[in-house]
Each structure stands twice: as C-alpha cells, then as structure tokens.
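Accompanying notes for the structure given below.
Residue numbers (my numbering): 262 to 567.
Below is the structure:
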C-alpha cells in the first residue's frame with residue numbers, strides 16, 4: 262500500500278504542474294490589469310507602473326511563472342495583491358468553511374441517495390421504486406442556485422426556522438448542505454439502485470436466502486457491501502466536486518468559503534489567490550482519489566493495490 266500511494270503521489274506531480282501552468286496562462290488571458298484595478302480609475306501611470314513593479318507584473322510571463330514555481334517549491338503560494346496577506350493563510354481560513362459545508366452536504370447526499378437507492382432496488386417496479394427514482398430525477402435536474410433560493414424563501418423568510426446565510430453557527434449550514442447535497446443525492450440514488458440490483462441477482466445472494474437468512478440481513482450485510490464500490494467512486498467524485506464547485510452555494514448563502522473567495526479574487530484579478538486556490542483544490546482532489554482507492558480494498562478484500 263505504501264508503494265502504491267508513493268507511486269500515485271509521484272504520478273500526480275506532472276498533473277499538478279500542468280494545472281499551475283493552465284491557470285497561470287488562463288488568468289493572464291483574462292482582460293483587465295490588477296494594477297489598474299488596485300490603483301483606481303484616476304491613478305496616474307506612474308502609480309500603476311510602481312504597483313506592477315512591486316508585484317512583478319512588469320516581468321515577462323516565463324519569468325513570472327518561474328518565480329511562481331520557485332516559491333511553490335518552498336511551499337510559498339505568495340501574497341494576495343489586494344489584501345497583501347499570505348495566500349496560504351487565507352486559503353486555510355476559508356477552507357474550513359468549505360470543508361464543513363462539503364462534509365455536511367455529502368452526509369445529506371448519502372443519507373437520501375442510498376436510502377432511495379436501496380428502496381428502489383429491493384422494491385423494484387413498485388411505488389417505492391418509482392418514488393425513489395422521482396426523487397433522484399428531481400435532485401439531478403434541480404439547479405443548486407434555484408433550490409437554495411427556494412429553501413431560503415421557505416425556511417428562512419416564511420417560517421423563520423433557520424438563518425438565510427452566514428457561518429456563525431451550525432444551523433447556518435443546514436440549508437446550504439441540503440441544497441448542495443440534494444443534487445448529489447440523485448446521482449448516488451441511481452448508482453446505488455443499479456449496482457444493488459446487479460448484486461441481488463448473483464448466486465451468493467440466492468445461497469444466503471436459501472440458508473434461511475432474513476431478507477434485510479442479506480440485503481444490508483451481504484449484497485449492499487458488494488454493491489458499494491461504484492457508489493464509493495461516485496460519492497468520492499461528488500465530494501471533490503463539492504469542495505471545488507460550491508461557488509454557487511456559498512454565494513447564495515453568503516458563506517465565506519473558498520468558492521466565494523475565488524469569485525472575488527477573479528473579479529479583482531488577484532492572480533496569486535486564484536492560482537493558490539486552484540492548486541489547493543487539485544491537491545485535495547488527488548488525495549480524495551487515493552482515499553477512494555484505499556476504500557476499495559476495505560470493502561472487497563479481493564482487491565489489492567500493487
């Protein structure tokens with residue numbers, strides 16, 4: 262396992278370098294000069310030139326990229342052009358909010374999705390099956406920003422049960438977690454139903470039933486565990502998407518996470534912040550994929566990493 266993880270980490274290095282190059286070039290291709298935005302509309306050319314020189318924006322692009330890689334090799338993501346704070350410190354502060362939201366949302370997605378999928382598989386072609394698939398279809402088809410605003414209107418404005426935004430207490434995460442998790446729940450429900458239906462038709466399930474084991478025990482202890490590998494894959498991908506794609510949810514619910522932070526940084530052309538966030542999320546995605554692969558062996562002992 263250690264050799265496998267080491268090899269995966271080494272193979273991820275070229276991918277991460279490619280990510281840094283792509284986001285570096287993409288940000289420089291976006292119209293707008295961060296020095297002009299920082300100096301103001303009525304700043305003199307001398308002021309703008311001094312700001313560009315301070316942040317190295319007057320250097321050729323290969324030189325700027327080389328400086329970025331040299332700092333990155335020392336674990337330094339640079340300083341924000343706007344706030345002049347360390348990018349790594351700001352990312353850590355914001356990532357706590359995004360991570361809390363992602364864990365809450367994936368918990369909602371697994372609870373709803375796996376329950377609906379198991380009901381659909383064990384009671385196939387019944388009202389329970391059709392109802393669970395309707396829930397799955399609604400989850401996949403509902404835009405996150407629309408479900409978020411609907412939840413705010415119902416539970417925050419009309420009923421007043423929950424806060425409409427912010428991150429002051431755990432209650433502030435309920436509505437955004439449901440909004441973000443409902444979309445993933447639809448995907449997990451469909452995958453759980455499909456995978457569990459395939460396993461329930463296999464010989465070892467028939468043998469367990471022939472021995473007189475209760476149907477619920479056969480389903481939950483034997484069949485579901487063998488059906489979880491594709492579900493874990495989907496859940497891992499969805500969790501990574503939640504960490505990197507919670508921009509709409511954080512914006513709608515005014516959460517000070519990485520998503521809303523990146524939107525602000527892109528608008529202000531804060532190159533170091535955007536580069537740092539994208540690289541951080543890429544590393545997190547690599548780690549999540551490794552954890553998913555490790556989970557395979559725990560679920561199915563026949564799987565070995567070599």
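Glycine is no exception: its CB is placed at the ideal position from the N, C-alpha and C atoms.
All values reported here derive from a predicted model rather than from experimental measurement.
Three-state secondary structure (DSSP) of residue i
i, result
"residue 351", "helix"
"residue 502", "helix"
"residue 378", "helix"
"residue 384", "coil"
"residue 280", "helix"
"residue 537", "helix"
"residue 263", "helix"
"residue 420", "coil"
"residue 268", "helix"
"residue 530", "coil"
"residue 554", "helix"
"residue 292", "coil"
Residue i, enclosing alpha helix (DSSP H) - first and last residue
i, result
"residue 401", "388 to 402"
"residue 518", "Segment: none, residue 518 is in no alpha helix (DSSP H) and carries neither H nor E."
"residue 406", "405 to 412"
"residue 509", "508 to 513"
Buried or exposed (CB count within 10 angstroms, at least 16 for buried), residue i
i, result
"residue 536", "buried"
"residue 276", "exposed"
"residue 440", "buried"
"residue 444", "buried"
"residue 346", "exposed"
"residue 306", "exposed"
"residue 407", "exposed"
"residue 544", "exposed"
"residue 375", "buried"
"residue 503", "buried"
"residue 486", "exposed"
"residue 533", "buried"
"residue 271", "exposed"
beta-carbon residue i near the ligand MN non-hydrogen atom, thresh 7 angstroms
i, result
"residue 282", "This structure lacks the ligand MN; in fact it carries no ligand of any kind."
**Message:** Restricting to runs no shorter than 3 residues, where is the beta strand (DSSP E) found entirely within the region 300 to 367?
**Reply:** none
**Inter-stretch contact at 8 angstroms, needing at least 3 Cβ pairs: the region 452 to 459 / the region 375 to 388** = Touching, yes.
**Sequence ranges, alpha helix (DSSP H) only - wholly within the region 423 to 487, length at least 4** = 435 to 461 and 464 to 471
**Message:** Pairs of beta-carbons, one from the region 507 to 517 and one from the region 403 to 419, closer than 8 angstroms: are there three or more?
**Reply:** yes
**Prompt:** Touching or not, the region 267 to 282 and the region 516 to 526, by the rule of three or more beta carbon pairs under 8 angstroms?
**Reply:** no
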